[in-house]
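The numbering of the sequence shown is UniProt numbering, which starts it at 1 and goes up by one.
Inspection log for the structure reproduced underneath, given as structure tokens.
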Amino acid sequence: MAMPVARILFVLPLPEPFDYAVPEGMDVSVGSYVTAPLGQTERLGVVWDMLDDAAAAGRTLKPVISVYPAPPMPAAMREFISWAAKYTVSHPGHVLGMALRARGGLTPSPTETVFHLTGEEPKKLTDTRRRVLDAAEEVGAANAATLAAAAGVSSGVVKGLVSAGALRAEEMAADAPFAVPQPDLPGAVLTGEQGEAADALKAAMRTGGFAAFLLDGVTGSGKTEVYFEAIAEALRVDPDAQVLVMLPEIALTQAILSRFEARFGAAPAPWHSGLSDKDRRRTWREAVHGRARIVIGARSALFLPFANLKLVIVDEEHDGSYKQEDGVTYHARDMAVMRAKLEGAGVVLASATPALETVVNAEAGRYTRLMLAARPGAARLPDVELVDLRRAPPAKNQWLSPHLVHAMQETLAAGEQTLLFLNRRGYAPLVLCKACGERLKTPGTENWLTEHRYSGRLVCHVTGYSIPKPSVCPACGAKDSLMGVGPGVERVAEEVRVLMPEARIEIFSSDTAMGGDATRGIIDRMETGEIDVLIGTQIVAKGHNFPNLTLVGVVDADSGMKGGDLRAGERTYQLLSQVAGRAGRAERPGRALVQTYAPDNPAMLALADGDRDGFLQIERDVRAELGLPPFGRLAAMIISAPSAEMVDETCREISLAAPNAAGIELFGPAPAPITVLRGRHRRRFLVKAPRNIDLSAYMAAWLARLKPPRPVRVSVDIDPYSFL
């Protein structure tokens with residue numbers, strides 16, 4: 001008798017699902033997570049379709065081995081994976097792998113033995129036993145290792161208390177469920193402007209279905225409190241609704257958890273790369289089963305297979321961190337809109353400096369635009385002043401202008417805080433030899449090594465390569481000849497310590513805030529006034545609210561304008577506007593001093609004048625004339641090989657294989673700005689097309705014609721954001 005056929009998509013770079021027979025009595029349906037034989041191994045996959053018995057007639061099919069006890073992947077999620085694969089010109093199995101990053105969540109939670117106080121006192125109460133009982137009272141139910149560590153004793157003491165009747169053992173799930181959020185807890189008192197925006201979002205939650213919003217509010221205008229009301233309404237309307245809140249940085253995820261807990265009485269489920277395997281498994285399982293009601297995470301959270309997704313929030317939607325550059329390349333903001341559309345959910349894009357693409361979509365009526373033009377209460381936007389370094393440069397071998405130094409000293413004397421922003425980690429971004437001029441690079445690349453003086457190491461921020469700083473030049477052998485050139489946050493901190501020895505100074509970057517505890521510690525010390533001058537990279541630019549911060553100093557405003565990135569001006573304006581917006585968020589007025597050698601640049605003038613819309617109009621006019629996004633489409637093809645000769649020869653063949661299509665313009669191949677990376681030589685093609693051309697289909701057709709040599713790698717980036 002023929003058996004039903006399951007078409008299984010595996011987490012592999014395969015072009016389509018494979019057919020397998022479903023054994024009699026096995027409960028398999030579309031969306032089931034299963035294992036099946038592929039070659040000599042068992043592989044995890046998802047049933048993409050089911051065929052009837054007749055499909056197996058005359059065919060010998062291998063049987064499905066097992067099915068996991070997890071709810072099937074919903075149809076909307078499977079459709080999203082298929083669409084994302086087609087759009088990004090990727091194998092569907094690669095995209096599926098992004099949805100299965102915590103496979104331990106496919107099975108029920110493992111159990112562990114925890115111990116409770118019984119209230120009985122043991123007949124023999126030693127000091128070690130007393131410490132365990134005190135620890136159990138403080139931490140509550142916990143396993144033996146946790147209680148023993150808290151009490152500073154061995155696990156045997158815990159087990160002895162069980163025998164003595166003072167502790168009771170119980171088997172519990174190791175992955176505890178997340179607390180259920182309470183939407184009816186009181187939120188913040190909203191201003192009239194905030195209330196109107198919140199009412200529009202709540203009405204969309206009650207109506208249901210797909211609806212897209214741009215929440216466009218100046219820094220400090222209360223965008224978070226507004227979308228909290230949308231979350232609360234979604235949870236009221238549907239008791240089983242799930243909400244995804246996306247943030248561009250892990251540090252922001254850590255900082256905002258307490259605000260969620262205060263508003264909803266429960267912390268949301270986290271999802272980001274900094275989680276342990278256990279925490280990742282827990283969040284994935286609870287999301288799949290529909291029990292994680294609010295998930296807050298980085299861009300990869302978009303690929304969680306939610307059971308009942310009703311609302312997606314993309315906070316700081318303009319941020320470049322939403323662009324995934326490795327593996328499957330995608331922009332999480334754009335993907336979030338499509339995910340919401342396929343789910344029939346609402347989506348809110350929130351920003352003080354929305355991307356030009358988002359603004360154009362809102363003006364075209366694709367998104368409903370909700371404006372928050374003012375900060376609530378006495379807080380007001382900071383005054384922004386450009387410091388022309390051509391006229392008032394810093395002293396020799398220093399990086400802070402006299403004007404900025406004077407403002408910092410005034411701020412310290414007033415008992416207020418300063419934030420200095422420089423988007424360069426470490427001490428110096430370039431290390432060279434004074435004797436021979438050698439610039440130290442990562443082996444096999446053209447990447448300069450950055451000096452980190454606190455750790456005494458030279459680090460590549462592209463590859464992660466790191467070495468102790470040599471005592472001699474590796475090129476010429478000169479001793480003590482290596483010197484750092486240019487400023488990093490460590491060098492600026494060194495300068496501030498000399499200028500303001502009485503100030504309490506800290507550095508906030510991904511080097512100093514490694515992990516949630518370190519990040520929270522810096523934020524807490526800043527909020528409680530234990531820091532006078534905070535010196536940070538872009539990690540400080542968004543999401544933080546420091547009431548006593550009244551001065552922001554931008555050390556090098558011009559650094560983001562370098563290179564051939566078409567969004568360089570827009571990104572610079574966005575980042576500097578976000579940084580400046582950290583000042584004056586409470587009763588005390590704030591100001592921002594922006595050091596620049598190009599005060600006439602449109603981005604700088606718009607920043608000083610507070611004329612965001614005027615700046616966007618300039619950007620819009622330039623891009624529209626050139627047919628660049630959002631008025632045209634771009635795609636990149638990146639080719640890499642072990643040698644320059646091999647990559648150049650392959651590029652000649654690839655160029656000849658490009659399909660002819662009306663309206664398509666092909667540029668390149670050209671050396672990528674990072675020409676050599678990890679020992680591989682890189683070239684780029686750039687493809688430009690009108691918006692009405694399916695650029696993904698064009699790139700897929702081009703790829704289908706290629707058969708590059710085995711050492712050559714070819715990747716495609718639809719709508720590239722990085723041009724490195």
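Cβ coordinates follow ideal geometry from the N, Cα and C atoms, glycine included.
Just so you know, these numbers come straight off a predicted model, no measurement behind them.
DSSP-derived helix/strand/coil call for Q595: strand
Classification of K323 by the beta-carbon crowding that lies within 10 angstroms, buried from 16 upward: buried
P671 - DSSP class collapsed to helix/strand/coil: strand
Integer Cβ distance of A340 from F210, believed to fall under 8 Å: 6 Å between Cβ atoms; contact.
Three-way DSSP call (helix, strand, coil) for R582 in this model: If DSSP states are grouped into helix, strand and coil, R582 belongs with coil.
CB contact flag (V712, M637, <8 Å): no
Validate contact between the stretch 665-676 and the stretch 690-702 using beta carbons, cut 8 Å, 3 pairs: no
Host alpha helix (DSSP H) of T283 (start-end): Here the alpha helix (DSSP H) through T283 covers D277 to V288.
Span of the alpha helix (DSSP H), counted from its first residue to its last, around G97: P92 to A99
Contact check, P270 vs F260, beta carbons under 8 Å: In this structure, F260 does not lie closer than 8 Å to P270 by Cβ.
CA-to-CA distance, T572 to D334, given in whole angstroms: 21 Å
For P71 and residue 769, the rounded distance between their alpha carbons: The chain is shown only over 1 to 724; residue 769 falls outside these bounds and no answer can be derived.
Assigned secondary structure, K86 (DSSP; H/G/I helix, E/B strand, else coil): helix
Touch test, the stretch 149-164 against the stretch 188-195, Cβ-Cβ under 8 Å, three pairs minimum: no
Option in R375, K688 and M205 with minimal Cα separation from A241: M205
Residues near A493 in its chain [Cβ-Cβ closer than 6 Å; skip 5 each side]: I505, I507 and I535
Member of L440, E112 and P23 whose CA lies at the smallest distance from the CA of M483: L440
Simplified DSSP state of E570, which is helix, strand or coil: helix
Rounded distance between the beta-carbons of S109 and A173, thought under 8 Å: Indeed, because the Cβ distance is near 4 Å, the residues count as touching under 8 Å.
Supposed close pair A166, E121 - CB separation, criterion 8 Å: 6 Å
P248 versus P382: straight-line alpha-carbon distance, rounded: 24 Å
Buried/exposed call for R78, threshold 16 Cβ in 10 Å: buried
Supposed contact pair H116 and R168 - C-beta distance, whole angstroms, cut 8 Å: 5 Å
Residue environment, H406, which counts as buried when at least 16 other CB atoms sit within 10 Å: exposed
T550 vs G590 beta-carbon contact at 8 Å: Going by C-beta atoms, T550 is nearer than 8 Å to G590.
Burial state of F306 (16 or more Cβ within 10 Å): Classification for F306: buried.
CA nearest to the CA of S577, picked from G217, D19, A203 and P708: G217
Length of the line joining the Cα atoms of A557 and D319: 17 Å
Span separating the alpha-carbon of T224 from that of L686: Distance between the alpha carbons of T224 and L686 is about 38 Å.
Rounded Cβ spacing between D175 and R282 (contact assumed at less than 8 Å): The pair is a contact, with the Cβ atoms about 4 Å apart (cut-off 8 Å).
Residues near L12 in its chain [Cβ-Cβ closer than 8 Å; skip 5 each side]: L38, R43, H91 and G93
Cβ pair count under 8 Å reaching 3, the stretch 384-403 against the stretch 347-358: no
Stretch pair the stretch 619-630 + the stretch 409-428: three plus CB contacts closer than 8 Å: no
Exposed unless 16 or more other CB atoms sit within 10 angstroms - verdict on F667: exposed
Within 8 Å, strictly: CB atoms of L370 and L214: yes
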